[in-house]
Amino acid sequence: MPRPLHAIIDPVAIAANLALARRRAPRARLFATVKANAYGHRLEHALPGLAAADGLAVCEVDVALQLSEAERAAGRSRPVLLLEGAFEVADLRACARAGVWMVVHSDEQVRMLECERSPRPVHVFAKMNSGMNRLGFAPQRFAREVDRLRALDRVASITCMTHFAGADEPEGIDQPLAVFEAHAGHADLPRSLANSAALLRDERARDGWARPGLMLYGASPFATVPAAALGLRPAMRLESALIAVQEVPAGGRVGYAGTFTAPQAMRVGIAACGYADGYPRHAPTGTPVLVDGVRTRTLGRVSMDMLAVDLSPVPSAVTGSPVTLWGGALPIEDVAAAAGTLAYELMCAVAPRVPARSSGIDGGGH
Ligand SMILES: *Cc1c(COP(=O)(O)O)cnc(C)c1O
1 MPRPLHAIID PVAIAANLAL ARRRAPRARL FATVKANAYG HRLEHALPGL
51 AAADGLAVCE VDVALQLSEA ERAAGRSRPV LLLEGAFEVA DLRACARAGV
101 WMVVHSDEQV RMLECERSPR PVHVFAKMNS GMNRLGFAPQ RFAREVDRLR
151 ALDRVASITC MTHFAGADEP EGIDQPLAVF EAHAGHADLP RSLANSAALL
201 RDERARDGWA RPGLMLYGAS PFATVPAAAL GLRPAMRLES ALIAVQEVPA
251 GGRVGYAGTF TAPQAMRVGI AACGYADGYP RHAPTGTPVL VDGVRTRTLG
301 RVSMDMLAVD LSPVPSAVTG SPVTLWGGAL PIEDVAAAAG TLAYELMCAV
351 APRVPARSSG IDGGGH
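Encoded structure:
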């Protein structure tokens, strides 16, 4: 028997979430953001749910090249956008040859384009730093950089892009959008503004190329709005089983450093899932978990390969009882909140050693 831990990915849910993005932004074209192996969902399981996307966005050069090749092989040739652009000249050449679209956010990248005879004209997304101070040209420099790009015959098209630092906050878009509008100039050029939060929240960000990520996987980008309230369907379940049950006497301590002490005699289940699987090590006692479908809590420290759960609310639980770490009736956002992190991080952290399978594109969920 293999270790019971596995991830189940639902491409039907992904397709439904994409359809929801489409309904919310009917005028936008949608780049499905699939960086970090589709936010931990594994590309091979996520892509069947993304057949209706207009393009795919990643930040790994090798993945961009593979996806671009796969699109061509499938006779679709949807664009693949490299979100951080080229890191060196070799990337630029390879991506240009493959027809990968590229973000251009720095002087170094403009110079690469100026100096290289790229094999094919490239579609570029010129990125403005609208206040996040991560990537992008300063607003005051932006129009000049776009002019530099426009002068290059190897540039096939230019889209003006920015990324919002706080689109999940009520007024998070106002200030950076004002900065973008004031400095983007080039009203004739297409735009790319919205991540999931902006797409769901703000009409103004919905034109051009949107770049939803998190929402496609069925998690809410907003701290105070659950995914279900947005109509999103979670696409990942992380499932395991109890591999041992301990009868712990009153005063008995659980796990490394004994950070949990049983206040009375209690049954404690040991689930096969630990931080080497991507479960957050800092999840404290009390982090929600399902055993046999019943909501209970973790106890003590998370170990590398295991964690302990309170079986008090599930007296029928035995070795082999199913454990849901997140997904299904347990929103990943609840686990993230208890562990002081975000659904983004939990999804992406699921380790390669955790086998994933797809619940299938036919039938499941309808
Ligand atoms: C990851 C990313 C996105 C997607 O953001 P979500 O919040 O997951 O929707 C969009 N744009 C850029 C530039 C990104 O890096």
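Residue numbering for the sequence shown follows the working numbering, beginning at 1 and increasing consecutively. Think of the CB as a built atom: it goes at the ideal place given N, C-alpha and C, for glycine as much as any other residue. Computed from a predicted structure; not experimentally measured.
Inset, instruction - Return yes when at least one heavy atom of ligand 1 lies under 6 Å from the C-beta of T285, else no. - result: No, the Cβ of T285 stays beyond 6 Å of every heavy atom of ligand 1.
Legend entry - Entirely enclosed beta strand (DSSP E) segments - the region 201 to 264, minimum 3 residues: Listed in chain order, they are 236 to 248.
Inset, instruction - Please determine if the region 319 to 330 and the region 233 to 245 are in contact, where contact requires at least 3 C-beta pairs separated by less than 8 Å. - result: In short, these stretches touch, since the Cβ pair count reaches three.
Legend entry - Alpha-carbon to alpha-carbon, S312 and H282: Put simply, the backbone Cα of H282 is about 23 Å away from that of S312.
Legend entry - Contact set for R297: own chain, Cβ-Cβ below 8 Å, skip 5 residues either direction: Counting only Cβ-Cβ distances below 8 Å, and skipping sequence neighbours, we find T285, G286, T287, P288, V289, V309 and D310.
Legend entry - Buried versus exposed, by CB contacts within 10 Å (16 or more), A19: Exposed, since its Cβ has fewer than 16 Cβ neighbours within 10 Å.
Inset, instruction - Please confirm whether any heavy atom of ligand 1 lies closer than 6 Å to the CB of N195. - result: Yes, the beta carbon of N195 sits closer than 6 Å to at least one heavy atom of ligand 1.
Legend entry - Identity of the residue in Y39, R357 and E114 nearest L346 by Cα: L346 has its Cα closest to that of Y39, out of Y39, R357 and E114.
Legend entry - Pairwise C-alpha distance: L307 and D277: In this structure, the straight-line span from the alpha carbon of D277 to that of L307 is close to 11 Å.
Inset, instruction - Excluding the 5 residues preceding and the 5 following A210 in the sequence, name in chain order all residues of the same chain whose CB lies nearer than 6 Å to its CB. - result: Once the five neighbours on either side are set aside, the close Cβ partners of A210 are A25, A28, L30, A194 and L199.
Inset, instruction - Name the two residues that bound the continuous beta strand (DSSP E) containing P139. - result: Here P139 belongs to no beta strand (DSSP E); instead the alpha helix (DSSP H) covers P139 to R150.
Legend entry - Cβ-based neighbour list, V354, same chain, cut-off 8 Å, excluding 5 preceding and 5 following: Excluding the 5 residues flanking it on each side, V354 has same chain C-beta neighbours closer than 8 Å at L5, H6, A7, L238, D277 and G278, in chain order.
Inset, instruction - Give the secondary structure of R93 by DSSP, where H, G and I count as helix, E and B as strand, and everything else as coil. - result: R93 falls in the helix class under three-state DSSP.
Legend entry - Local Cβ density within 10 Å of R114, reported as buried at 16 or more and exposed below that: Note on identity: in this sequence residue 114 is Glu, with Arg being the wrong assignment. That one is exposed.
Inset, instruction - Using the Cα positions of R267 and A250, report the straight-line distance between them to the nearest angstrom. - result: Distance between the alpha carbons of R267 and A250 is about 11 Å.
Inset, instruction - Count the other CB atoms, across all protein chains shown, that sit within 10 Å of the CB of Q109; report buried if there are 16 or more and exposed otherwise. - result: By the beta-carbon neighbour count (other beta carbons within 10 angstroms, threshold 16), Q109 is buried.
Inset, instruction - Give the range of the alpha helix (DSSP H) segment to which P11 is assigned. - result: Element bounds for P11: P11 to R24.
Inset, instruction - Report the option in I361, A356 and A187 whose CA atom is closest to the CA atom of P2. - result: Nearest C-alpha to P2: A356.
Legend entry - E84 versus R201 - alpha carbon distance: E84 and R201 have their alpha carbons spaced roughly 25 Å apart.
Legend entry - C-alpha distance - V122 paired with L82, whole-angstrom precision: Each residue's alpha carbon lies about 12 Å from the other.
Inset, instruction - Assign S312 to one of three DSSP states: helix, strand, or coil. - result: It is coil, neither helix nor strand.
Inset, instruction - Evaluate E404 with the Cβ neighbour count: other Cβ atoms within 10 Å of its Cβ, from every protein chain shown; 16 or more gives buried, anything less gives exposed. - result: Lying before the first or after the last residue shown, residue 404 is absent from the chain, which here runs from 1 to 366.
Legend entry - Distance cut-off 6 Å: H41 Cβ against heavy atoms of ligand 1: No, the Cβ of H41 stays beyond 6 Å of every heavy atom of ligand 1.
Inset, instruction - Name the residue from A197, L214 and C160 whose alpha carbon lies nearest to the alpha carbon of D188. - result: The candidate whose alpha carbon is nearest that of D188 is C160.
Legend entry - Segment limits, beta strand (DSSP E) that includes R297: First-last of the beta strand (DSSP E) with R297: V294 to L299.
Inset, instruction - Please classify C160: does DSSP put it in a helix, a strand, or coil? - result: Note: C160 maps to strand in three-state DSSP.
Inset, instruction - Consider the C-beta atom of T449 and the heavy atoms of ligand 1; say whether any pair is separated by less than 6 Å. - result: Coverage of the chain is limited to positions 1 through 366, which leaves residue 449 absent and any answer about it impossible.
Legend entry - Start-to-end residues for the alpha helix (DSSP H) that takes in F180: Looking at the DSSP string, the run of the alpha helix (DSSP H) that includes F180 is D174 to A184.
Inset, instruction - Output the residue ranges of the beta strand (DSSP E) runs that lie fully inside the region 97 to 142 and measure 3 residues or longer, sorted by chain position. - result: Unbroken beta strand (DSSP E) runs of no fewer than 3 residues, entirely contained in the region 97 to 142, are found at 101 to 104 and 122 to 128, following chain order.
Inset, instruction - Identify every run of the alpha helix (DSSP H) within the region 318 to 347, keeping only runs that are complete inside it and at least 4 residues long; order them along the chain. - result: Listed in chain order, the complete alpha helix (DSSP H) runs (minimum 4 residues) inside the region 318 to 347 are 332 to 338.
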